[in-house]
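Residue numbers (my numbering), protein chains in the order written: chain F, 1 to 303; chain B, 1 to 437; chain R, 1 to 312.
Idealized CB from N, CA, C, for every residue including glycine.
Quick caveat, the model's predicted, so the values are computed rather than measured.
All remarks here apply to the structure that follows.
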Amino acid sequence: MTDTLTNTTAPLPADTEAAARAPRTRRRLDGGNGGTNWWLTALIAVCSLTVLIPLYFTIVTALKTPDQLGGTGFELPTSIRWENFADAYQLTNFPRALMNTALITVGAVFLTLLTNSLVAYAIARNMHKKFFKGLYFYFLAAIFVPFPIIMLPVVKETALLGIDTPVGLILLYTVYGLSFNIFIFVAYINSIPVELEEAARLDGASTWTVFWKVIFPLLSPMNATVGILTCVWAWNDFLLPLVVLSDPSAQTLPLAQFIFQGQFNTNYPVAFASYLMALAPLLIVYVIAQKWVVSGVTRGSVK
Amino acid sequence: MQSPSSTRPRHRRVRRATAVLVAAATLAALSGCTAGDDGQVTLNFFQFKPEAVSDFAAIIDDFEAENPGIRVIQNSVPDPDTAIRTLLVKDKVPDVLTLNVNGNYGELARACIFADLGSDPAAETVNPAVQDIVQSLGTCGADGAAEVNALPFASNASGILYNPDIFAANGVEVPTTWTELVAAADTFQANGVSPFFCTVKDSWTAVPAFVNLGGTLMPDGFFDTLREESTSGAGTVSFAEDFADAADKEVTLFDYCQDNFASRDYNAGNKAFADGESAMYLQGSYAIPAIRANNPDAAIGSFPYPVTDDADARVVVSGVDVGIMVGRNTPHAAEAQKFVDYLMSPDVVSAYSEAQSTFSPLKDAEPNNDPALAGLEPYFTAGTIIGFIDHQIPAAVPLVNLLQTLVITGDTETFLADLDSEWDKVAARTTTQRQGK
Amino acid sequence: MTATATRAKTPAASPGTPARVRSSIARTPRTFYWMVVPAVVIFFGLHTIPVLSGMFFSLTNYAGYGTWDLVGFSNYINLFQDDRVLNSYGFTFGFAIVSTLLVNVIALAIALGLNSKIKFQAAFRGVFFIPYVLAILIIGYVFNYLFANSFPAIFTALGLPGLSSNLLASPDFAWVGIVITTVWQAAAFNVILYLAGLQTISADLYEAAAIDGASGWRRFRSITFPLIGAYFTINMVLSFKSFLQVFDQIVALTAGGPGTSTESIALVIFRGGFQGGEYGYQMANAVVYLFVIIIVSFLQLRILQRREASFS
Chain F
1 MTDTLTNTTA PLPADTEAAA RAPRTRRRLD GGNGGTNWWL TALIAVCSLT VLIPLYFTIV
61 TALKTPDQLG GTGFELPTSI RWENFADAYQ LTNFPRALMN TALITVGAVF LTLLTNSLVA
121 YAIARNMHKK FFKGLYFYFL AAIFVPFPII MLPVVKETAL LGIDTPVGLI LLYTVYGLSF
181 NIFIFVAYIN SIPVELEEAA RLDGASTWTV FWKVIFPLLS PMNATVGILT CVWAWNDFLL
241 PLVVLSDPSA QTLPLAQFIF QGQFNTNYPV AFASYLMALA PLLIVYVIAQ KWVVSGVTRG
301 SVK
Chain B
1 MQSPSSTRPR HRRVRRATAV LVAAATLAAL SGCTAGDDGQ VTLNFFQFKP EAVSDFAAII
61 DDFEAENPGI RVIQNSVPDP DTAIRTLLVK DKVPDVLTLN VNGNYGELAR ACIFADLGSD
121 PAAETVNPAV QDIVQSLGTC GADGAAEVNA LPFASNASGI LYNPDIFAAN GVEVPTTWTE
181 LVAAADTFQA NGVSPFFCTV KDSWTAVPAF VNLGGTLMPD GFFDTLREES TSGAGTVSFA
241 EDFADAADKE VTLFDYCQDN FASRDYNAGN KAFADGESAM YLQGSYAIPA IRANNPDAAI
301 GSFPYPVTDD ADARVVVSGV DVGIMVGRNT PHAAEAQKFV DYLMSPDVVS AYSEAQSTFS
361 PLKDAEPNND PALAGLEPYF TAGTIIGFID HQIPAAVPLV NLLQTLVITG DTETFLADLD
421 SEWDKVAART TTQRQGK
Chain R
1 MTATATRAKT PAASPGTPAR VRSSIARTPR TFYWMVVPAV VIFFGLHTIP VLSGMFFSLT
61 NYAGYGTWDL VGFSNYINLF QDDRVLNSYG FTFGFAIVST LLVNVIALAI ALGLNSKIKF
121 QAAFRGVFFI PYVLAILIIG YVFNYLFANS FPAIFTALGL PGLSSNLLAS PDFAWVGIVI
181 TTVWQAAAFN VILYLAGLQT ISADLYEAAA IDGASGWRRF RSITFPLIGA YFTINMVLSF
241 KSFLQVFDQI VALTAGGPGT STESIALVIF RGGFQGGEYG YQMANAVVYL FVIIIVSFLQ
301 LRILQRREAS FS
């Protein structure tokens, strides 16, 4: 801890050098060669190991046979057992769980982006009206409601309405995400000048058209942020699908992992292979879209 | 489902996008369940045991072959405790269920969730000693006209598992009294053999020993008296008074555990015992399949807990590992009945008990010839069995957690005091609830 | 907000606006209502009604199934006499405070490192964000295995038998294992947010500071930190709020044990209310929990905003 704390001062000298050379640069993330702080690079590299080592551990464990486990577990496998993945694939009914999870996640992201931004737009542009201001705080207050308090009534309600299904989950993620999403969407929309909309209105565009043609495209950085947050949430969520989904064939990936937690023999390599398969899709998406994801979240919060 | 209609006034693109979404979702939902309109009845079968999925799948295949008009869908879910309660909240009680017949089952039975199976001919075939254990947990309609809400499908027995090879190598006989048990443990320890492999990382693994010790040592009718007194306020019985001996003996046993016993979990224990790492294992019949999964040729024997120095006082703690229930309001009562009868048929029951190392709860069942169960089988057949006392303790009392703390710290006084206070608190809450009625 | 309000009013107030536009503006409010009303209705149905019915059931003896009766406030009275519930508040707060501080300090430190002149900046940023996309439940399973098997083996090999037991099996230190897992996963997101904050700071400021000969620590204290104060506030409030609701990682790591030493509030509610058949009683707990979260969050906001103000 102390190490990390004192080190926070280290970057500054290098920064100032760079700044002195190019006083106009706002961003100092250009990674130029001159003035690279190698000492700090090494330190960051060491820190990044804390992230990578558990991942490495998961991967090597997933490749072993049960009798190779022993020891610290960080040893490379002496012989690789790919069947672990095949076993996990069968045990968890992987393709079905993957399909369910993907469907729920994609649905939740799309519906969230389409609806939440619209609501935020209406609120942001009418904040001077009591009704809309009240709504803003009404939605916002829900951020603080702990899940257990609504859990059982929601289970009952979704069953009554016949939406104890993936479609219902999509709706729930969209509705429960509203609180936080409105908070960040409204802040962002406030920074968009009203003049843009007025120009469109003068051309006779309706409010709907103004939103879809003018505002929605401008929201893309925020849409990226909200999309990523929703995606990660819906993909990894455990409790809501556990209690809401009635049909066992609608099981999602996190639920499928539960099979390895029963009070019976656990084959750890197979379990780890399964964990890896559950984590992998999002991880792969992230690695491919990494630059975009990080900048999406960053831009979103910079406003 | 309000979302598609609510989007109608919005732009067409939203509507189209939503429509596509909903269509895709519905398609996927449909492809998931095969609802046929061909006059077939589909039974929803809630099956709580993840390790028995393939056993039941085979049973269902045979049943469907015999009854072409009935389809049975096995619903094996993660976390069955939560799942069954959410199903109740949803008013979607399955047509046929299996559950572990424990305290939770008792609560559900008292809430009249399950149908009365008393008139089912299959009920006649059940060993009365086993059915008594089921009935003692609670039934719909409470006193007098007691219903039969569950039929026992498989019974387990809790005792001490031991490794006959290690016993022979150390010249130790199977202990029949408490003194002999402690002496045996001392001998093993002196010879550098771990007497018990304990797995307290999984808190529940401290319970089996306690139910044997406490169940044998507690005064008759302890829980009935305790329940009566918690409403009347008198205090002639308490855990502190009547379970002190059991708690002491529990601590004594766990003193013989291997190092780091609090760090090891049940899976590790099954593997260790399968590999001959300890002479004994404080688990019941239900652990045998898991041990064999690690080592099919594992040397396993069993004997009942010698709790006192009276060898004749030994009993076996037995519970109904799998009970079968029918949803009270199932629209397919006749078909459900058919399936239950099939499940309870002697062949199916005995095939299952062989596969899962359980005891058949049927009257005229062949004894289970598994050598690993040989030490417990006579007690079960003779009906010298008692129920699991933890099933008498409401789920709101964290018995499992308190026991875990007890065997780690060895502090019996705190354990007993905590148990009494937790019981009283829960009883007080239940009393206020009764007053509300 | 005030800015928006004035801006939105401007067109209507300006003289000489063509009639066509005027009519479109008169129509506007209705469209805006159409935009929010469906959302309000669904939100009310799927969130507010459940909240209200949860609150209502806290006044009953409902078990989650079967029949129920009103019992007044007796659930609340019993709640304050239940030391298991009180202990869970103690544990949850301790856990949330330690985790919030650690996550924010570590995330800020990493963000500062990533924001400076280092090699492979983009790659490192990518690596530090990975834990965010991983499910905490599954991470918990992996760490559970690490704590049970790998770490003891490593410490034994290093000749430190004192550390060779499973951290999660110790009633006194199991919470440390939960904090480690939580911080590992949660720091990622805060790193990104701090990084975002740091990028809003103009390099000119540091230049000026360098001319004044300010030391590294002084520059952090008087330039960097005040300028990302808003991020600090938001991160502290949001992480504290989410750590107060800790659930998944406890299920995966200790299940509340050993004993009841790591039972969080959410776990007690879940166990007692959904598995233990005391739904009404645990809803009383949940209502108290809701108010605790609200009060704590508001206090935190006020205190941190005051700090922010005094910085600038």
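To the nearest angstrom, report how far apart Leu-299 of chain R and Phe-93 of chain R are at their CA atoms.
Here residue 299 of chain R is taken as the residue at index 299 of the third sequence, counted from 1. Here residue 93 of chain R is taken as the residue at index 93 of the third sequence, counted from 1. Within the model, the alpha-carbon separation for Leu-299 of chain R versus Phe-93 of chain R is close to 15 Å.
Arg-221 of chain R (DSSP reduced to helix, strand or coil):
Reading the third sequence from its first residue, position 221 is the one you call residue 221 of chain R. Three-state DSSP puts Arg-221 of chain R in a helix.
Give the residues from the segment 401-413 of chain B that approach chain R closer than 8 Å (Cβ to any Cβ), ordered along the chain.
Asn-401, Leu-402, Gln-404, Thr-405, Ile-408 and Thr-409
Pro-195 of chain B vs Ala-206 of chain B beta-carbon contact at 7 Å:
Here residue 195 of chain B refers to the residue found at position 195 of the second sequence. Here residue 206 of chain B refers to the residue found at position 206 of the second sequence. Result no, Cβ atoms of Pro-195 of chain B and Ala-206 of chain B do not sit closer than 7 Å.
Same chain, Cβ closer than 8 Å to Arg-302 of chain R, five either side skipped, listed in chain order
By 1-based counting over the third sequence, the position of residue 302 of chain R is 302. Cβ within range, chain order: n/a, list empty.
With a floor of 4 residues, list each alpha helix (DSSP H) that falls wholly inside the segment 78-102 of chain F, ordered by position along the chain.
83-91
Give me the chain B residues within the contact set of Thr-260 of chain R, using Cβ-Cβ distance strictly less than 7 Å, ordered along the chain.
Locating residue 260 of chain R in the third sequence gives position 260, where the first residue counts as 1. Correct list: Pro-398 and Asn-401.
How would you label Asn-126 of chain F, buried or exposed, when you count the other beta carbons within 10 angstroms and need 16 or more for buried?
The residue you call residue 126 of chain F lines up with position 126 of the first sequence. Buried, by the Cβ-count rule.
Closest to Glu-83 of chain F by C-alpha separation, out of F:Ile-44, F:Val-285 and F:Ser-274, would be which residue?
In the first sequence, counting from the first residue as 1, residue 83 of chain F sits at position 83. It is F:Ser-274.
Compute the Euclidean distance between the alpha carbons of Gln-392 of chain B and Phe-185 of chain F, then round it to the nearest angstrom.
Against the second sequence, residue 392 of chain B aligns to sequence position 392. Against the first sequence, residue 185 of chain F aligns to sequence position 185. Their Cα atoms are separated by approximately 54 Å.
Run of the beta strand (DSSP E) containing Gly-103 of chain B, from where it starts to where it stops
Here the question's residue 103 of chain B lines up with position 103 in the second sequence. Premise fails: Gly-103 of chain B lies in the alpha helix (DSSP H), 103-110, not in any beta strand (DSSP E).
For the segment 73-82 of chain B against the segment 297-309 of chain B, do three or more pairs of beta-carbon atoms, one drawn from each stretch, fall closer than 8 Å, so that the two count as touching?
no
Extent of the continuous beta strand (DSSP E) run through Ala-122 of chain B
Stepping through the second sequence from its first residue, residue 122 of chain B is reached at position 122. Not the beta strand (DSSP E): Ala-122 of chain B falls in the alpha helix (DSSP H), residues 121-124.
Got a sec: which bits of the segment 279-292 of chain R sit with their beta carbon under 8 Å from any beta carbon on chain F, in order along the chain?
Tyr-279, Gln-282, Met-283, Ala-286, Val-287, Tyr-289 and Leu-290
Does any residue of chain R bring its CB to less than 7 Å from the CB of Tyr-275 of chain F?
Here residue 275 of chain F corresponds to residue number 275 of the first sequence, with the count starting at 1. Taking Cβ atoms only, chain R reaches closer than 7 Å to Tyr-275 of chain F, which makes this a yes.
With a cut-off of 7 Å, does the C-beta of Pro-54 of chain F fall near any C-beta of chain B?
If you number the first sequence from 1, residue 54 of chain F lands on position 54. Not one chain B Cβ lies under 7 Å of Pro-54 of chain F.
Where Leu-219 of chain F and Thr-31 of chain R are concerned, what is the direct C-alpha to C-alpha distance, given to the nearest angstrom?
The residue given as residue 219 of chain F occupies position 219 in the first sequence. The residue given as residue 31 of chain R occupies position 31 in the third sequence. Rounded to the nearest angstrom, the two C-alpha atoms are 20 Å apart.
By how many angstroms is the C-alpha of Leu-282 of chain B removed from the C-alpha of Asp-116 of chain B?
Counted from its first residue, the second sequence places residue 116 of chain B at position 116. Counted from its first residue, the second sequence places residue 282 of chain B at position 282. Taking the straight line joining both Cα atoms gives about 36 Å.
Which complete alpha helix (DSSP H) runs does the segment 193-272 of chain F hold, if anything under 4 residues is left out?
List check, alpha helix (DSSP H) in window: 195-202, 220-236, 239-244 and 253-256.
Which same chain residues end up closer than 7 Å to Ile-166 of chain B when comparing Cβ atoms and leaving out the 5 residues on each side of it in sequence?
As a working note, residue 166 of chain B is residue 166 in the second sequence. Around Ile-166 of chain B: Val-193, Gly-276 and Ala-279.
Would you grab the beta carbon distance between Val-179 of chain R and Phe-240 of chain R for me? Rounded to a whole angstrom, and I think it's under 8 Å.
Counting from one through the third sequence, the residue named residue 179 of chain R turns up at place 179. Counting from one through the third sequence, the residue named residue 240 of chain R turns up at place 240. Contact doesn't hold; Cβ gap of about 14 Å is too wide.
List the DSSP bridge partners of Arg-71 of chain B.
By 1-based counting over the second sequence, the position of residue 71 of chain B is 71. Beta-bridge pairing links Arg-71 of chain B to B:Thr-42.
Bounding residues of the alpha helix (DSSP H) (the contiguous stretch that carries Ala-174 of chain R):
Here residue 174 of chain R corresponds to residue number 174 of the third sequence, with the count starting at 1. Element bounds for Ala-174 of chain R: 174-198.
Do the CB positions of Lys-201 of chain B and Ser-119 of chain B come within less than 7 Å of each other?
One-based indexing of the second sequence puts residue 201 of chain B at position 201. One-based indexing of the second sequence puts residue 119 of chain B at position 119. Not in contact: Lys-201 of chain B and Ser-119 of chain B (Cβ atoms no closer than 7 Å).
Can you list, in chain order, the residues of its chain with a C-beta nearer than 6 Å to that of Arg-125 of chain R? Leave out the 5 residues immediately preceding and following it.
Taking the third sequence and counting its residues from 1, one reaches residue 125 of chain R at position 125. Result list for Arg-125 of chain R: Leu-114, in chain order.
When you compare the CB positions of Thr-139 of chain B and Ala-146 of chain B, do they come within less than 7 Å of one another, or not?
Here residue 139 of chain B corresponds to residue number 139 of the second sequence, with the count starting at 1. Here residue 146 of chain B corresponds to residue number 146 of the second sequence, with the count starting at 1. Yes, these two residues count as a Cβ contact at 7 Å.
Taking Gly-319 of chain B and Val-101 of chain B to be in contact with their CB atoms under 8 Å, please state how far apart those CB atoms are, rounded to whole angstroms.
Reading the second sequence from its first residue, position 319 is the one you call residue 319 of chain B. Reading the second sequence from its first residue, position 101 is the one you call residue 101 of chain B. The Cβ separation is near 7 Å, so the contact holds.
For the 8 Å Cβ check, are there 3 or more pairs between the segment 104-111 of chain R and the segment 194-206 of chain R?
yes
Is it the case that the Cβ atoms of Tyr-266 of chain B and Thr-358 of chain B are separated by a distance below 7 Å?
If you number the second sequence from 1, residue 266 of chain B lands on position 266. If you number the second sequence from 1, residue 358 of chain B lands on position 358. Cβ atoms of Tyr-266 of chain B and Thr-358 of chain B: not closer than 7 Å.
Helix, strand or coil, according to DSSP, for Val-307 of chain B in the structure here?
The residue you call residue 307 of chain B lines up with position 307 of the second sequence. Three-state result, Val-307 of chain B: coil.
Taking all protein chains shown into account, do 16 or more other C-beta atoms lie within 10 angstroms of the C-beta of Ala-56 of chain F, making it buried, or fewer, making it exposed?
On the first sequence, position 56 is the one that residue 56 of chain F refers to. Residue 56 of chain F is actually Tyr in this sequence, not Ala. The C-beta of Tyr-56 of chain F has fewer than 16 other C-beta atoms within 10 Å across all chains shown, which makes the residue exposed.
Three CB pairs or more closer than 8 Å across the segment 241-254 of chain B and the segment 404-420 of chain B
yes
What number of angstroms, rounded off, separates the C-alpha of Phe-189 of chain R from the C-alpha of Ile-106 of chain R?
Taking the first residue of the third sequence as position 1, residue 189 of chain R is located at position 189. Taking the first residue of the third sequence as position 1, residue 106 of chain R is located at position 106. Using only the alpha carbons, I get a separation of about 11 Å.
Considering just the uninterrupted stretch of the alpha helix (DSSP H) at Tyr-281 of chain B, what are its terminal residues?
As a working mapping, residue 281 of chain B is identified with position 281 in the second sequence. Taken as a continuous stretch (DSSP letters only), Tyr-281 of chain B belongs to no alpha helix (DSSP H), being part of the beta strand (DSSP E) at 278-281.
Is the shortest distance between the beta-carbon of Val-207 of chain B and the beta-carbons of chain F less than 7 Å?
Against the second sequence, residue 207 of chain B aligns to sequence position 207. With 7 Å as the cut-off, Val-207 of chain B does not count as an interface residue toward chain F.
Could you check how far apart the C-beta atoms of Ile-293 of chain R and Leu-267 of chain R are, in whole angstroms? I think they sit under 8 Å.
Here residue 293 of chain R refers to the residue found at position 293 of the third sequence. Here residue 267 of chain R refers to the residue found at position 267 of the third sequence. Taking C-beta atoms under 8 Å as the contact rule, Ile-293 of chain R and Leu-267 of chain R fail to qualify, at a distance of about 16 Å.
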